[in-house]
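Start counting the sequence shown at 10; every next residue gets the next number (this note's numbering).
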Amino acid sequence: IQVYAAQSVPEGLGARMARAFPQPALLWPATDPFLLLDDFHVPPNASFPEHPHRGFAILTYIVQGGFAHRESTGLAVEVRASRVMHLTGGQGLRHAEYPVGTDLTRGLPLWVNLPRCKPLPPAAAGAGRREGGAVQIHTPLTYDALHLEAGASWETTLPADGQPVYLLEGQIRLNGRTLRPFHLALVHDETRRLLLAERPSHLAWIAGPRQHEPVRFRGPFVD
């Protein structure tokens, strides 16, 4: 198990990111098929002005507050805490994002590489929100939010390949390693994974098969 601290990065107009990856110590393909994982904190007067994306899907888990999305197709959605927004930028789109309400908005966007099928047909571009059940995207993956009471445990087996675990709040032990807030762990074996919450904890558990294909990062574009 390797443990990394998320790096503070400014983005947009007045927003802050705790960037779990990519960072100098954790670059592609170590996180394949995942391109980026941010933990954003957006005050009410901050925003992400209109910008483009292409070549990947984004799943954004809203942890706190509310978030609005408006894109170049004319579609607009709002997503509140404990919901997920799904966006696929196949051939490319432009969108803007901004908080809803008067409180700080916190969210966890995960960029997932679209395999060699990209660019996708125009119908595959766009966004939506999900209020129940599983989100269907073009790459198989697991992206679960877990809440554990102090002293609670959770055990599972997932394939090897460097599956990320990101701690939002609390303190846990993962196969004997301690994780604190803004810590990301990569698990590289196929043994049973035991999570033990030493405090009330909130974390994201992410897993997906590697694609084993090269990617080229060009800002908001991935080729």
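Even glycine gets a Cβ: it sits at the ideal position worked out from N, Cα and C. All values reported here derive from a predicted model rather than from experimental measurement.
Notebook entry, point to check: Among Asn184, Arg63, Gln172, which residue has its Cα nearest to the Cα of Ser162?
Noted result: When Asn184, Arg63, Gln172 are compared, the shortest CA-CA separation from Ser162 is found for Asn184.
Item checked: Residue span of the beta strand (DSSP E) that contains Val109, given as start and end -> Val109 -> beta strand (DSSP E) spans 102-109.
Margin query: According to DSSP, simplified to helix, strand and coil, what is Glu87?
Written below: Looking at Glu87 - three-state DSSP - the assignment turns out to be strand.
Check: DSSP puts Pro61 in a beta bridge; with which residues?
Finding: Beta-bridge pairing links Pro61 to Arg103.
Notebook entry, point to check: Does the separation of the CB atoms of Leu119 and Tyr152 fall below 8 Å?
Noted result: Yes; because the gap between Cβ atoms is below 8 Å, this pair is in contact.
Next item on the list: Using a threshold of 8 Å, state whether the C-beta atoms of Gly160 and Ser210 are closer than that.
Entry: Contact: no.
Margin query: In the DSSP assignment, the beta strand (DSSP E) including Asn54 goes from what residue to what residue?
Written below: Boundaries for Asn54: no beta strand (DSSP E) harbours it, and the DSSP string shows neither H nor E there.
Check: Comparing alpha-carbon positions, which option in Leu117, Val88, Thr82 lies nearest Tyr100?
Finding: Checking the sequence shown, residue 100 turns out to be Gln, not Tyr. Among Leu117, Val88, Thr82, the Cα nearest to that of Gln100 belongs to Thr82.
Next item on the list: Go to Val12, then tell me how far its beta strand (DSSP E) extends in each direction, as first and last residue.
Entry: From DSSP, the beta strand (DSSP E) with Val12 extends over 11-14.
Note to self: Let's test the definition: count the other Cβ atoms within 10 Å of the Cβ of Val18 and tell me whether it reaches 16, buried, or not, exposed.
What the structure shows: Classified as exposed, Val18 has fewer than 16 neighbouring CB atoms from the shown chains inside 10 Å of its CB.
Item checked: Simplified DSSP assignment, three categories, for His95 -> In the structure shown, the three-state DSSP call for His95 is strand.
Notebook entry, point to check: For the beta strand (DSSP E) that Thr40 lies in, which residues bound it at each end?
Noted result: Neither: Thr40 is in no beta strand (DSSP E) and is coded neither H nor E.
Checklist line | Simplified DSSP assignment, three categories, for Ala27 | finding: Residue state, collapsed to three classes: strand.
Margin query: Using only the alpha-carbon positions, how far apart do Leu150 and Val121 sit?
Written below: If you take the alpha carbons of Leu150 and Val121, they lie about 9 Å apart.
Next item on the list: Would you check if the distance between the CB atom of Gln32 and the CB atom of Gln11 is smaller than 8 Å?
Entry: At least 8 Å separates the beta-carbon of Gln32 from that of Gln11.
Next item on the list: Determine the extent of the beta strand (DSSP E) in which Glu164 is found, giving its start and end residues.
Entry: 162-166 is the extent of the beta strand (DSSP E) around Glu164.
Note to self: Pull the bridge partners of Glu178 from the DSSP assignment, please.
What the structure shows: When DSSP reads this structure, Glu178 sits in a beta bridge with His211.
Check: Is it the case that the Cβ atoms of His4 and Arg79 are separated by a distance below 8 Å?
Finding: Residue coverage of the chain in this structure runs from 10 to 232, which leaves residue 4 outside it and unanswerable.
Check: Hey, Pro124 and Thr97 are a contact pair by Cβ (cut 8 Å); roughly how many whole angstroms apart?
Finding: Not a contact, Cβ separation roughly 13 Å.
Margin query: What does DSSP give as the partner residue(s) for Asp47 in the beta ladder?
Written below: Beta-bridge analysis with DSSP links Asp47 to Arg28.
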